[in-house]
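See below for the structure under consideration.
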Amino acid sequence: MGKIAFVFAGQGAQYAGMGRDLYEKYSAVRPIFDMLGERLKNLAFFGPADELSLTENTQPCLFAADLACAALLNEEGIYADTLAGFSLGEIPAVCHAGILELREAFGFVCFRAGAMQAAAAENPGAMLAVLRLPVEKVEEICARIDGAYPVNYNCPGQTVVACAVECVTSLCAAVLNYGGRAIRLPVSGPFHSPFMSGAGEKIRGYLQDKKPGKMRIPVYSNVTAQVYDNNPWELLARQVSSPVLWQGIIENMIADGVDTFVEVGPGRVLSGLISRINPDVSVLNVCDTCSLESTVVALRSRGKR
Numbered sequence: 009m010g011k012i013a014f015v016f017a018g019q020g021a022q023y024a025g026m027g028r029d030l031y032e033k034y035s036a037v038r039p040i041f042d043m044l045g046e047r048l049k050n051l052a053f054f055g056p057a058d059e060l061s062l063t064e065n066t067q068p069c070l071f072a073a074d075l076a077c078a079a080l081l082n083e084e085g086i087y088a089d090t091l092a093g094f095s096l097g098e099i100p101a102v103c104h105a106g107i108l109e110l111r112e113a114f115g116f117v118c119f120r121a122g123a124m125q126a127a128a129a130e131n132p133g134a135m136l137a138v139l140r141l142p143v144e145k146v147e148e149i150c151a152r153i154d155g156a157y158p159v160n161y162n163c164p165g166q167t168v169v170a171c172a173v174e175c176v177t178s179l180c181a182a183v184l185n186y187g188g189r190a191i192r193l194p195v196s197g198p199f200h201s202p203f204m205s206g207a208g209e210k211i212r213g214y215l216q217d218k219k220p221g222k223m224r225i226p227v228y229s230n231v232t233a234q235v236y237d238n239n240p241w242e243l244l245a246r247q248v249s250s251p252v253l254w255q256g257i258i259e260n261m262i263a264d265g266v267d268t269f270v271e272v273g274p275g276r277v278l279s280g281l282i283s284r285i286n287p288d289v290s291v292l293n294v295c296d297t298c299s300l301e302s303t304v305v306a307l308r309s310r311g312k313r
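My numbering puts the first residue of the sequence shown at 9, with every later residue one more than the last.
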């Protein structure tokens with residue numbers, strides 16, 4: 009029998025109302041959402057969407073929603089053999105694995121969000137999903153445009169590029185010229201690029217005196233696409249200014265025996281990427297009460313526990 013992986017949703021998956029029905033129905037996850045405080049909790053549950061999309065608000069709200077979904081699977085007796093998270097999603101993943109305790113992880117998420125928001129204010133930029141072009145062509149385009157970087161290696165035919173604001177028009181034109189398509193993403197900065205190096209230094213300083221907990225479940229790093237080594241703080245510091253190697257993570261998980269992926273958190277963005285990377289694996293998701301119930305039924309019918 010193959011392994012189960014929980015994959016934690018990242019920034020861009022947020023929506024006003026995320027987690028609200030879970031909070032109302034399941035008392036087990038209320039402490040996770042209550043940790044946000046009334047302002048952030050109401051923002052997650054009711055919006056407005058534009059305020060929720062600010063990095064300093066998005067990250068703690070998504071952190072809580074992701075963790076709540078994973079916790080409810082555990083309540084149903086379903087546990088992951090291995091974990092990964094996309095960008096921000098890596099933080100709830102390392103928390104679920106035991107590297108960071110819940111309150112410590114929440115404090116870190118809030119600090120990280122502030123550091124990234126500050127770096128974005130100092131280096132205004134954008135992120136665009138480039139579709140229908142091979143990754144080599146995207147890298148070639150970025151190499152010719154000063155201030156443009158491939159930052160999310162998502163799946164075949166989809167690479168995300170971060171760039172300075174003044175590069176958006178030339179980047180879109182270059183992509184179109186090669187027969188691709190560029191879609192601007194709803195994020196507030198050029199994340200996972202060298203523009204975030206200042207945020208990475210702040211994170212390194214924040215974490216340096218903290219002691220990591222024992223990793224109870226293997227977590228795959230965005231930076232290396234491999235299971236975390238014995239220096240998790242360095243990986244988390246590098247993560248904000250390094251590309252997310254998502255396709256590599258999924259391919260390595262499958263090579264290590266994973267045949268079932270459960271996306272935990274808002275939306276189904278990661279589910280779509282995984283299906284494009286390998287259509288032969290099983291992909292489920294938990295983002296609300298309905299998807300929780302259907303996923304639990306599906307996993308139990310396959311003998312997954």
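A virtual CB, placed ideally from N, CA and C, is assigned to each residue, including glycine.
Please classify A57 as buried or exposed, where buried requires at least 16 other C-beta atoms within 10 Å of its C-beta.
As a first step, residue 57 must be located in the sequence shown, where it is residue number 49. Here A57 is exposed, its C-beta having fewer than 16 other C-beta atoms within 10 Å.
Here's the rule I'm using: 16 or more other beta-carbon atoms within 10 Å means buried, otherwise exposed. How should K49 be labelled?
The sequence position of residue 49 within the sequence shown is 41, counting from 1. K49 is classed as buried because its beta carbon has at least 16 other beta carbons within 10 Å across all chains shown.
Tell me, which residues are paired with K11 by DSSP?
Stepping through the sequence shown from its first residue, residue 11 is reached at position 3. Answer is V266.
Output yes or no for whether 8 Å exceeds the beta carbon distance between A170 and S201.
As a first step, residue 170 is located in the sequence shown; it is residue number 162 there, counting from the start. As a first step, residue 201 is located in the sequence shown; it is residue number 193 there, counting from the start. S201 is positioned such that its CB atom lies closer than 8 Å to that of A170.
In DSSP terms, what F16 is bridged to:
Counting from one through the sequence shown, the residue named residue 16 turns up at place 8. Answer is G93, V272, bridged to F16.
If distances are taken between C-alpha atoms only, which option among C295, A101, L51 comes closest to Y236?
Mapped onto the sequence shown, residue 236 falls at position 228. Y236 has its Cα closest to that of A101, out of C295, A101, L51.
Whose CA, out of R308, D42, T177, lies closest to the CA of A134?
Taking the sequence shown and counting its residues from 1, one reaches residue 134 at position 126. The residue from R308, D42, T177 with its alpha-carbon nearest to that of A134 is T177.
Since P68 and F114 are thought to touch, with beta carbons under 8 Å apart, how far apart are those beta carbons, to the nearest angstrom?
Taking the first residue of the sequence shown as 1, we reach residue 68 at position 60. Taking the first residue of the sequence shown as 1, we reach residue 114 at position 106. P68 to F114, Cβ: 7 Å. Contact.
Straight-line Cα distance separating R47 from W254
Here residue 254 is taken as the residue at index 246 of the sequence shown, counted from 1. Here residue 47 is taken as the residue at index 39 of the sequence shown, counted from 1. Each residue's alpha carbon lies about 32 Å from the other.
Can you tell me where the beta strand (DSSP E) with L292 in it begins and where it stops?
The residue given as residue 292 occupies position 284 in the sequence shown. Counting along the chain, the beta strand (DSSP E) containing L292 begins and ends at 290 to 294.
Determine whether the beta carbon atoms of Q22 and P274 lie at a separation below 8 Å.
In the sequence shown, residue 22 corresponds to position 14, counting from 1. In the sequence shown, residue 274 corresponds to position 266, counting from 1. Yes.
Backbone CA spacing between I107 and V159 [nearest angstrom]
Numbered from 1 along the sequence shown, position 99 holds the residue referred to as residue 107. Numbered from 1 along the sequence shown, position 151 holds the residue referred to as residue 159. Distance between the alpha carbons of I107 and V159: 25 Å.
Note down, in chain order, each residue of its chain lying with its Cβ closer than 6 Å to the Cβ of S283, except the 5 sequence neighbours on either side.
As a position in the sequence shown, residue 283 is number 275, starting the count at 1. So the qualifying residues of the chain are V291.
In terms of DSSP beta bridges, what is T167 paired with?
To locate residue 167, count along the sequence shown from 1; it is residue 159. Looking at the DSSP assignment, T167 forms a beta bridge with V138, Y161.
In chain order, what residues of the same chain lie with their CB nearer than 6 Å to the CB of L215, ignoring the 5 residues before and after it?
Locating residue 215 in the sequence shown gives position 207, where the first residue counts as 1. Sequence-distant partners of L215 (beyond 5 residues in either direction) whose C-beta falls short of 6 Å from its own C-beta, in its chain, are W241.
Looking at C-beta atoms only, is the number of pairs between the stretch 141 to 154 and the stretch 219 to 238 that lie closer than 8 Å three or more?
Contact fails: fewer than three Cβ-Cβ distances are below 8 Å.
Residue range of the unbroken alpha helix (DSSP H) whose run includes I282:
Here residue 282 refers to the residue found at position 274 when the sequence shown is read from its first residue. Membership of I282 in the alpha helix (DSSP H) is indicated by the continuous run 277 to 285.
Kindly indicate the opening and closing residues of the beta strand (DSSP E) around R246.
As a working note, residue 246 is residue 238 in the sequence shown. From DSSP, R246 is part of no beta strand (DSSP E) but of the alpha helix (DSSP H) over 240 to 247.
Mapping the DSSP letters down to three states, classify V231 as helix, strand or coil.
Counted from its first residue, the sequence shown places residue 231 at position 223. In the three-state reduction of the DSSP assignment, V231 falls in the coil class, being assigned neither a helical nor a strand state.
Under a three-way DSSP split, which group does G197 fall into?
If you number the sequence shown from 1, residue 197 lands on position 189. Under the three-state reduction of DSSP, G197 is assigned to coil, being neither helix nor strand.
Ordered along the chain, which non-local residues of its own chain (more than five positions away) have a Cβ less than 6 Å from that of L30?
Here the question's residue 30 lines up with position 22 in the sequence shown. Closer than 6 Å at Cβ, skipping near neighbours: V37, A76.
What are the uninterrupted segments assigned as alpha helix (DSSP H) that are 4 or more residues long and contained completely in the stretch 27 to 96, given in chain order?
With a minimum length of 4 residues, the unbroken runs of alpha helix (DSSP H) contained wholly in the stretch 27 to 96 fall at 28 to 33, 38 to 42, 45 to 54, 57 to 60, 63 to 83.
For R310, report the span of its beta strand (DSSP E) as first-last.
As a position in the sequence shown, residue 310 is number 302, starting the count at 1. Per DSSP, R310 is not a residue of any beta strand (DSSP E), being assigned neither H nor E.
Where do the ends of the alpha helix (DSSP H) carrying I153 lie?
Residue 153 sits at position 145 when you count from the first residue of the sequence shown. Premise fails: I153 is in no alpha helix (DSSP H) and is neither H nor E.
For I225 versus A126, is the C-beta spacing smaller than 8 Å?
On the sequence shown, residue 225 is found 217 positions in, with the first residue counted as 1. On the sequence shown, residue 126 is found 118 positions in, with the first residue counted as 1. No, the Cβ-Cβ distance between I225 and A126 is not below 8 Å.
With the cut-off set at 8 Å, would you say K72 and V15 are in Cβ contact?
Translated into positions along the sequence shown, residue 72 becomes position 64. Translated into positions along the sequence shown, residue 15 becomes position 7. The amino acid occupying residue 72 in the given sequence is Ala; Lys does not appear at that position. With contacts defined by Cβ atoms closer than 8 Å, A72 and V15 do not form a contacting pair.
Check this for me: beta carbons of A245 and R192, under 8 Å apart or not?
Within the sequence shown, residue 245 is the residue found at index 237, counting from 1. Within the sequence shown, residue 192 is the residue found at index 184, counting from 1. Against a cut-off of 8 Å, the Cβ pair of R192 and A245 comes out as no contact.
One or two residues paired with R192 in a DSSP bridge:
As a working note, residue 192 is residue 184 in the sequence shown. Per DSSP, L136.
Burial state of V305 (16 or more Cβ within 10 Å):
Within the sequence shown, the letter at position 297 stands for residue 305. Within 10 angstroms of the beta-carbon of V305 lie fewer than 16 other beta-carbons, which makes it exposed.
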